[in-house]
Amino acid sequence: MKSTLLSLFLLLLAGNLSAQSKFKKPAIKWYTWTEAIAQMEKDDEPKKIMVDLYTEWCGYCKKMDRETFTDPVVVKYVNEHFYPVKFDAEQKGSLIYAKHTFKYDPDKGRRGVHALAFALTDGRMSYPSMVYLDENQKRIAISPGFKPGDSFMTELRYFGDNHYKVIGYEEYKKKAGRR
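If you want it as structure tokens, here you go:
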């Protein structure tokens, strides 16, 4: 009797786990800065980099994580067109990029800031901020502030589909039907 109940329990548990995996929501495949640069250099046809600059205390950063970055349309587009990087602008570690060592600087900002985040934004620290880099690791734009899924998709397509090379963002938004 005990073995029958145990077998039944294990069978139900396995079925439940299988059902959960079938309905798992898609997620953005986040990279570290170092992983994104390495992947970009490895790929024959590299993508752009989208850096999400955030902090642990930022409420709008958490809202973007909860709402915008879970939108299936956003997830699909980001994963296909970018190396998405999550970068805590107040992280304490150091990293080497372009022969420079970037470290946390406790004297910048109110709480201190990582030198790479400071460099990417030209010192205009605002959270959340998206920083877009082209396939040659050159900065295209800094886009501060929370964006809901539909507004964010307009921005993603503007950079991801190279519209930024031929048209200004405000004009693009009008043509795309966004204000």
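The numbering of the sequence shown is our numbering, which starts it at 170 and goes up by one.
Cβ coordinates follow ideal geometry from the N, Cα and C atoms, glycine included.
Do you know how far the Cα of residue j is from the Cα of residue i?
i	j	result
Leu285	Ser263	9 Å
Lys277	Trp202	21 Å
Ala267	Ile206	10 Å
Gly329	Lys217	7 Å
Thr224	Ile309	22 Å
Glu339	His269	35 Å
Ala188	Tyr333	A caution first: Ala188 carries a pLDDT of 49, below 50, which makes its placement in the model too unreliable to give a value.
Met209	Phe256	17 Å
Consult DSSP for residue i and reduce its assignment to one of helix, strand or coil.
i	result
Ala188	With a pLDDT of 49 at Ala188, under the threshold of 50, the modelled position of that residue is not reliable, and no figure is offered here.
Go ahead and label residue i buried or exposed: buried means 16 or more other beta carbons lie within 10 angstroms of its beta carbon, across all protein chains shown.
i	result
Ala258	buried
Lys343	exposed
Leu174	Since pLDDT at Leu174 reaches only 47, below the 50 mark, its modelled position is unreliable, and the value read off the structure follows with that caveat. Looking at its Cβ environment, which holds fewer than 16 other Cβ atoms inside 10 Å, Leu174 is exposed.
Lys316	buried
Asp291	exposed
Ile197	buried
Asp213	exposed
Val282	buried
Asp274	exposed
Leu179	Residue placement at Leu179 is poorly supported in this model, since its pLDDT is 48, which falls under 50; the coordinates are not used for a value here.
Identify which residue in the options has its Cα closest to the Cα of residue i.
i	options	result
Tyr327	Met219, His283, Glu204 and Lys194	Met219
Lys261	Gly314, Lys307 and Phe271	Phe271
Gly314	Arg280, Gly228, Met209 and Tyr200	Gly228
Leu325	Phe238, Ala288 and Arg293	Phe238
Touch test, the segment 229-245 against the segment 313-329, Cβ-Cβ under 8 Å, three pairs minimum: yes
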